[in-house]
Amino acid sequence: MSSTVLEVNDVRKTYRSGLLGKNRVEALRGVSFSVNRGEIFGVLGPNGAGKTTLIKSLLGILKFEGGATLCGEVAGSKQARRIAGYLPENIRLPEYLTGEQCLYHFGRVNGLTTSAIKNGVDELIIRVGMQDACKRKTSTYSKGMSQRIGLATALISDPEIIFLDEPTDGLDPVGRKDVRMLLKELCDQGKSVVVNSHLLHELELLCDRVAVLKKGKVLTVEKMENLTALDKSIRLEVLSISDTDFQEIQLQFPEIGLQIEREKTSVKIRFQSDSQTVLDAVVDALREKQVSITLIVRSKMTLEEAFLHILKKKKS
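Numbering follows full-length UniProt numbering, in which position 219 of the sequence shown is assigned residue number 219; successive positions increment by one, without gaps.
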């Protein structure tokens with residue numbers, strides 16, 4: 001069985017706008033990446049980057065140019081749709097149905113037998129935490145409750161890959177944690193997840209890798225651990241150091257932006273470098289001046305900081 005579940009190769013999508021459709025808007029411009037089995041893959045970008053257009057294209061909701069396959073099946077084909085689950089942004093459930101009835105409805109739409117639906121519904125209601133509200137009409141649901149049932153509808157056919165557009169929107173912190181745990185359980189079972197969210201903190205906690213989109217183009221595809229390690233900031237804490245000694249060390253290392261912060265019980269020295277050699281040299285210089293070092297910390301960026309850094313870097 002191939003380890004690649006989703007293969008996206010030079011996907012392009014153009015809309016026509018304006019009078020008589022004379023204007024062309026390139027929503028996706030040569031998007032390429034792959035998603036592995038058992039992986040949670042995030043798609044992030046500013047508004048208008050093409051995130052939702054990309055997901056809808058891969059599901060066959062929108063026509064596109066280029067190539068994409070889901071488990072070897074052509075994206076948008078009947079075979080590909082059978083192995084994909086989808087939770088759209090701002091899902092609208094039939095208000096005349098209960099949450100449980102919605103799952104039966106979506107199960108039948110996906111061609112499942114009644115017995116298969118029943119077994120799946122009972123389990124999914126528990127997994128999304130809707131045991132107490134599944135018999136109520138969806139018209140009485142909060143946004144968070146609708147999201148929970150919506151997630152269950154995306155999973156009703158036991159798909160190989162699940163596409164989620166803002167899956168934790170409307171959920172409280174406990175609900176968001178529950179969704180993260182559920183998605184990680186699915187990946188442990190060999191399922192794959194493609195998730196788009198503006199809640200970057202959630203993606204940071206959830207994703208193995210992410211693709212950063214801007215104006216329909218992929219700026220980078222990177223492991224989460226590498227993306228948040230982009231910061232070159234290093235902090236040293238020392239017991240004390242004289243102004244004269246610090247200024248002399250600054251003159252030794254003019255290129256790394258040495259800064260000092262004096263506090264009541266310690267002194268913090270900060271600088272920018274990703275070189276272990278430079279760090280070792282700074283430490284040696286401090287020790288030569290009999291400075292006692294109590295802590296050395298390499299900072300990590302948050303996903304939001306890394307995201308803004310990438311956008312700024314590509315712009316420049």
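From the three backbone atoms N, C-alpha and C, an ideal C-beta is built for every residue, glycine too.
In whole angstroms, what separates the C-alpha of alanine 80 from that of lysine 13?
-> What you label residue 80 is simply residue 80 of the sequence shown in a count that begins at 1. What you label residue 13 is simply residue 13 of the sequence shown in a count that begins at 1. When rounded, the distance between both Cα atoms is 19 angstroms.
For the stretch 155–164 against the stretch 188–196, are there 3 or more C-beta pairs whose distance is under 8 angstroms?
-> yes
For leucine 183, which residues does DSSP report across the bridge?
-> Counting from one through the sequence shown, the residue named residue 183 turns up at place 183. In the DSSP output, where bridge partners are listed per residue, leucine 183 has none listed.
Could you name the residues that DSSP lists as bridge partners for phenylalanine 163?
-> Position 163 of the sequence shown holds residue 163. Paired residue(s): Tyr86 and Val194.
What does DSSP give as the partner residues of asparagine 9 in its beta bridges?
-> The residue given as residue 9 occupies position 9 in the sequence shown. DSSP output for asparagine 9 lists Gly67 as bridge partner(s).
Assign lysine 191 to buried or exposed, taking buried as 16 or more other Cβ atoms, counted over all protein chains shown, within 10 Å of its Cβ.
-> Translated into positions along the sequence shown, residue 191 becomes position 191. The residue is buried, with at least 16 neighbouring Cβ atoms inside 10 Å.
Residues that threonine 220 bridges to, as DSSP identifies them | Here residue 220 is taken as the residue at index 220 of the sequence shown, counted from 1. DSSP output for threonine 220 lists Val212 as bridge partner(s).
For alanine 154 and tyrosine 86, the rounded distance between their alpha carbons | By one-based count along the sequence shown, residue 86 stands at place 86. By one-based count along the sequence shown, residue 154 stands at place 154. So the two alpha carbons sit approximately 5 angstroms from each other.
Between which two residues does the beta strand (DSSP E) containing glutamine 131 stretch?
-> Reading the sequence shown from its first residue, position 131 is the one you call residue 131. From DSSP, glutamine 131 is part of no beta strand (DSSP E); its letter is neither H nor E.
Through-space distance from leucine 303 to lysine 214, alpha-carbon basis = The sequence position of residue 214 within the sequence shown is 214, counting from 1. The sequence position of residue 303 within the sequence shown is 303, counting from 1. Taking the straight line joining both Cα atoms gives about 16 angstroms.
Span of the alpha helix (DSSP H) holding phenylalanine 246?
-> As a first step, residue 246 is located in the sequence shown; it is residue number 246 there, counting from the start. Its alpha helix (DSSP H) spans residues 243–252.
Determine the DSSP secondary structure at valine 297, reduced to helix, strand or coil.
-> Residue numbering aside, residue 297 sits at position 297 when the sequence shown is read from its first letter. In the structure shown, valine 297 sits in a strand (DSSP, three-state: E or B).
Of the listed residues Ser157, Ile40 and Asp172, nearest to methionine 145 (C-alpha basis) | Residue mapping note: residue 145 aligns to position 145 of the sequence shown, counting from 1. It is Asp172 whose Cα lies nearest to the Cα of methionine 145.
Among Gly129, Val43 and Leu186, which one has its Cα closest to the Cα of leucine 219?
-> Mapped onto the sequence shown, residue 219 falls at position 219. The shortest C-alpha separation from leucine 219 is found at Val43.
Output the distance between the C-alpha atoms of valine 179 and leucine 200, rounded to the nearest integer angstrom.
-> Along the sequence shown, one-based indexing puts residue 179 at 179. Along the sequence shown, one-based indexing puts residue 200 at 200. Their backbone Cα atoms lie some 15 angstroms apart in a straight line.
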